[in-house]
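Worksheet: the structure to be examined is printed underneath.
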Amino acid sequence: MTPKTVARTVVVGGGAAGIGAGGAARAADPSGEVVVFTEYEDCAYSPCGIPYVHGKEIPDFDRLFLAGKEAYVEAGIDIHYERKVTGLDLARHQVTVEGEGEVGWDRLVIATGFDYADPGVPGSALSGLYYVKNIRRAMEWDKVIDQAKVAVVIEASPLGLEMVTALAHRGIETHLVDPHPWALAEAADADIAAPVEESWAEMGVKMHFNTRLEAFVGDDNNQVRAVRTSEGELPADLVVICTKKKPRNDIAAAAGIAIGSTGGIIVDERMATSQAGVWAAGDCIEVPHGVSNVPLQGLSGSHAYSQGKVAGTNAAGGDRKYQPVYVPWGMVAGKWMIGGVSFGETLATALGIPYVVGTAQGISRARYYPDVKPVKVKLLADPKTLRLIGAQMVGGEGIKERADFLAMAIKVGITLEDLAWMENVYSPPIGALNEPIAVAAQNGLAAAAAAKAKG
Amino acid sequence: MDFGAQTRRAARWLRGNSEHYLLLDAQARLAAAQGWPGPPRPRGAKEVFWLRVFAPTYRRIPWKVRSALIQAMPGSHRQTWTPPVERRNPAI
Chain G
1 MTPKTVARTV VVGGGAAGIG AGGAARAADP SGEVVVFTEY EDCAYSPCGI PYVHGKEIPD
61 FDRLFLAGKE AYVEAGIDIH YERKVTGLDL ARHQVTVEGE GEVGWDRLVI ATGFDYADPG
121 VPGSALSGLY YVKNIRRAME WDKVIDQAKV AVVIEASPLG LEMVTALAHR GIETHLVDPH
181 PWALAEAADA DIAAPVEESW AEMGVKMHFN TRLEAFVGDD NNQVRAVRTS EGELPADLVV
241 ICTKKKPRND IAAAAGIAIG STGGIIVDER MATSQAGVWA AGDCIEVPHG VSNVPLQGLS
301 GSHAYSQGKV AGTNAAGGDR KYQPVYVPWG MVAGKWMIGG VSFGETLATA LGIPYVVGTA
361 QGISRARYYP DVKPVKVKLL ADPKTLRLIG AQMVGGEGIK ERADFLAMAI KVGITLEDLA
421 WMENVYSPPI GALNEPIAVA AQNGLAAAAA AKAKG
Chain P
456 MDFGAQTRRA ARWLRGNSEH YLLLDAQARL AAAQGWPGPP RPRGAKEVFW LRVFAPTYRR
516 IPWKVRSALI QAMPGSHRQT WTPPVERRNP AI
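Taken in order, these protein sequences are the chains called G and P.
Numbered per my numbering, the first sequence spans residues 1 to 455.
Numbered per my numbering, the second sequence spans residues 456 to 547.
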């Protein structure tokens with residue numbers, strides 16, 4: 001590290017938010033010093049790609065790296081690898097770093113990310129429990145997967161869906177244990193998850209829904225050999241833990257930085273925390289939802305990276321604002337793509353938000369074109385204003401693009417009327433005559449009219 | 456005594472429990488209405504309270520009141536966030 005003669009921005013964490021913040025701080029103040037501390041061996045790779053290497057869709061882990069370490073040296077970002085920050089002293093403007101002692105900062109960005117929620121059952125310290133996060137560990141685990149005959153995935157979270165699909169694709173007997181009645185039940189509706197579950201069944205996946213995890217059972221070598229559940233014991237060579245992403249905020253909370261109801265750090269639109277000179281970004285923060293204004297935590301890598309950019313820019317003296325989120329999401333699960341925006345019926349019902357639904361089963365290309373795929377779209381709108389508030393989709397292709405479009409549609413206040421008569425691309429290889437979004441909106445208008453007539 | 460920190464801890468407890476059980480309640484009602492398998496019946500005093508007392512009470516409160524209560528909780532949503540600009544006219 002250079003002697004401290006220029007303004008130093010210290011970033012705690014080298015994930016998407018931390019690297020975004022480091023790069024943005026450097027861009028906003030090229031004369032300033034940017035130091036990033038990460039406890040891991042690497043930065044700048046795509047952890048989201050790990051399940052697809054395990055599933056053999058991607059041939060090797062090297063492809064997940066975006067840039068070599070020298071790229072950051074050349075960019076003027078001083079990354080300290082395998083350096084864990086253990087404390088923040090806000091009064092003295094210092095962080096405590098394992099192996100380096102106390103390091104001063106002029107501006108601080110906290111991007112400490114997440115931990116998987118503790119399963120909270122006996123046996124959690126056994127070996128053979130895989131938490132998908134770090135690429136070096138993933139490389140080691142991939143060799144374990146090579147030897148595994150039976151794997152159990154704990155919880156049908158987004159990562160859980162990807163890992164179930166990956167392990168089944170790899171030919172391993174795969175069991176899914178989840179306390180909810182259907183897959184991804186905290187985000188997706190039952191009708192959206194149903195095709196995924198059917199395709200998993202075709203792939204040989206054994207699904208155990210409405211099933212509580214009770215314990216991990218080990219052998220004499222403390223290696224997991226089974227998973228005990230409310231429905232009985234499942235033998236396991238490997239257990240993949242895919243519980244919720246909990247914000248990793250121990251050092252921030254200990255330093256007195258305000259934490260919100262999600263457990264995430266409270267920030268404003270500039271990613272400023274409750275402490276002057278301290279910014280935060282990524283999975284360790286919470287941001288408001290654009291429709292309900294309820295704070296949310298644990299979003300995607302693209303959210304984390306954007307938030308990091310905002311935090312880094314503002315930390316280094318720039319001016320950038322983040323906005324409330326509408327959370328477009330999508331993934332491949334089983335043989336399908338599923339996705340959505342904002343609310344599905346389950347979340348809207350849970351919150352008690354009134355809505356009207358329009359659903360359509362359409363197709364992705366002209367009906368006669370090879371490889372045409374089904375696309376189901378479900379739209380939710382406010383019954384009074386008919387403004388779109390959410391969407392869910394399942395189909396063979398084109399889900400991500402529709403989710404992105406619908407997120408922007410919700411953001412700008414588009415109504416079912418607008419969507420019902422929207423223009424759409426019609427070209428046999430890439431789009432059908434009737435856009436499923438438009439048909440769903442037309443059906444939503446009919447449902448709203450029927451509800452109004454009914455009183 | 457830091458009442459702010461206590462309030463935030465209470466908010467986290469309330470959010471964690473209400474989010475979990477309201478979701479279970481929603482899954483049960485939608486599953487029953489649409490013919491999907493729902494979650495199991497509540498077991499034990501805690502589940503019975505949240506699913507048989509809290510959830511129906513929450514549902515009876517009008518959305519505007521519920522929303523006001525949610526907005527009153529401490530969190531990022533109470534910080535400065537510039538409202539989006541409505542652009543409904545042609546660009547040029």
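Note that beta-carbon positions come from the ideal geometry of N, C-alpha and C, so glycine has one too.
Considering just the uninterrupted stretch of the alpha helix (DSSP H) at residue i, what are its terminal residues?
{"i": "Asp142/G", "result": "135-147"}
{"i": "Val164/G", "result": "158-169"}
{"i": "Trp518/P", "result": "518-527"}
{"i": "Gln442/G", "result": "436-454"}
{"i": "Val461/G", "result": "No information on residue 461/G is available, as it lies outside the stretch 1 to 455 that chain G covers here."}
Hey, is residue i's beta-carbon within less than 8 Å of any beta-carbon in chain G?
{"i": "Arg496/P", "result": "no"}
{"i": "Glu502/P", "result": "no"}
{"i": "Pro492/P", "result": "yes"}
{"i": "Leu477/P", "result": "yes"}
{"i": "Gly499/P", "result": "no"}
{"i": "Leu524/P", "result": "no"}
{"i": "Met456/P", "result": "Because Met456/P sits at a pLDDT of 46, beneath the cut-off of 50, its placement in the model cannot be relied upon, and the point is left open."}
{"i": "Arg463/P", "result": "yes"}
{"i": "Thr537/P", "result": "yes"}
{"i": "Arg507/P", "result": "no"}
{"i": "Ala466/P", "result": "yes"}
{"i": "Ala481/P", "result": "yes"}
{"i": "Ala552/P", "result": "This structure cannot settle anything about residue 552/P, because the visible part of chain P is limited to 456 through 547."}
Tell me the residue span of the beta strand (DSSP E) that contains residue i.
{"i": "Pro374/G", "result": "374-381"}
{"i": "Val503/P", "result": "Taken as a continuous stretch (DSSP letters only), Val503/P belongs to no beta strand (DSSP E), being part of the alpha helix (DSSP H) at 499-503."}
{"i": "Arg8/G", "result": "8-12"}
{"i": "Met331/G", "result": "329-333"}
{"i": "Thr512/P", "result": "It is not in any beta strand (DSSP E) - Thr512/P instead sits in the alpha helix (DSSP H) that spans 510-515."}
Of all Cβ atoms in chain P, is any one closer than 8 Å to the Cβ of residue i?
{"i": "Ile192/G", "result": "no"}
{"i": "Gln223/G", "result": "no"}
{"i": "Ile50/G", "result": "no"}
{"i": "Ser306/G", "result": "no"}
{"i": "Lys454/G", "result": "no"}
{"i": "Cys284/G", "result": "no"}
{"i": "Val267/G", "result": "yes"}
{"i": "Ser300/G", "result": "no"}
{"i": "Val121/G", "result": "no"}
{"i": "Thr243/G", "result": "no"}
{"i": "Glu186/G", "result": "yes"}
{"i": "Pro328/G", "result": "no"}
{"i": "Ile259/G", "result": "yes"}
Just to confirm, are residue i and residue j a CB contact at a threshold of 8 Å?
{"i": "Cys43/G", "j": "Ile154/G", "result": "no"}
{"i": "Tyr322/G", "j": "Val332/G", "result": "no"}
{"i": "Ala432/G", "j": "Ala366/G", "result": "yes"}
{"i": "Gly334/G", "j": "Met207/G", "result": "no"}
{"i": "Gly20/G", "j": "Val36/G", "result": "no"}
{"i": "Val85/G", "j": "Ile251/G", "result": "yes"}
{"i": "Lys246/G", "j": "Gly263/G", "result": "yes"}
{"i": "Val11/G", "j": "Ala75/G", "result": "no"}
{"i": "Tyr45/G", "j": "Ile145/G", "result": "no"}
{"i": "Gly339/G", "j": "Gly330/G", "result": "yes"}
Mind reading off the beta-carbon distance from residue i to residue j? Whole number of angstroms is fine, and I expect it under 8 Å.
{"i": "Gly358/G", "j": "Gly444/G", "result": "2 Å"}
{"i": "Ala348/G", "j": "Leu380/G", "result": "6 Å"}
{"i": "Glu231/G", "j": "Val121/G", "result": "15 Å between Cβ atoms; not a contact."}
{"i": "Pro51/G", "j": "Met163/G", "result": "5 Å"}
{"i": "Val109/G", "j": "Thr9/G", "result": "7 Å"}
{"i": "Val156/G", "j": "Asp178/G", "result": "Reading the sequence as shown, one finds Ala at residue 156/G and not Val. The pair is a contact, with the Cβ atoms about 4 Å apart (cut-off 8 Å)."}
{"i": "Gln275/G", "j": "Ile285/G", "result": "That pair is no contact at about 13 Å."}
{"i": "Ala456/G", "j": "Ala441/G", "result": "The requested residue 456/G does not occur in the structure, where chain G is confined to residues 1 to 455."}
{"i": "Ala316/G", "j": "Gly15/G", "result": "Not a contact, Cβ separation roughly 19 Å."}
Pull up the DSSP beta-bridge partners for residue i, would you.
{"i": "Ile50/G", "result": "The partner list for Ile50/G (beta bridge, DSSP) is empty, contrary to what the question assumes."}
{"i": "Ser127/G", "result": "Gln223/G"}
{"i": "Arg228/G", "result": "Ala215/G, Glu233/G"}
{"i": "Tyr45/G", "result": "Phe65/G"}
{"i": "Gln275/G", "result": "Looking at the DSSP assignment, Gln275/G forms no beta bridge with any residue, so it has no partner."}
{"i": "Phe114/G", "result": "Pro247/G"}
{"i": "Gly342/G", "result": "The amino acid at residue 342/G is misidentified as Gly; the sequence shows Ser. Partner(s): Gly390/G."}
{"i": "Thr174/G", "result": "Ala151/G"}
{"i": "Met207/G", "result": "Leu176/G"}
{"i": "His80/G", "result": "Phe37/G"}
Pull out every residue of the region 337-355 of chain G whose Cβ sits closer than 9 Å to any Cβ of chain A, in chain order.
-> Among the protein chains of the structure shown, namely G and P, there is no chain A.
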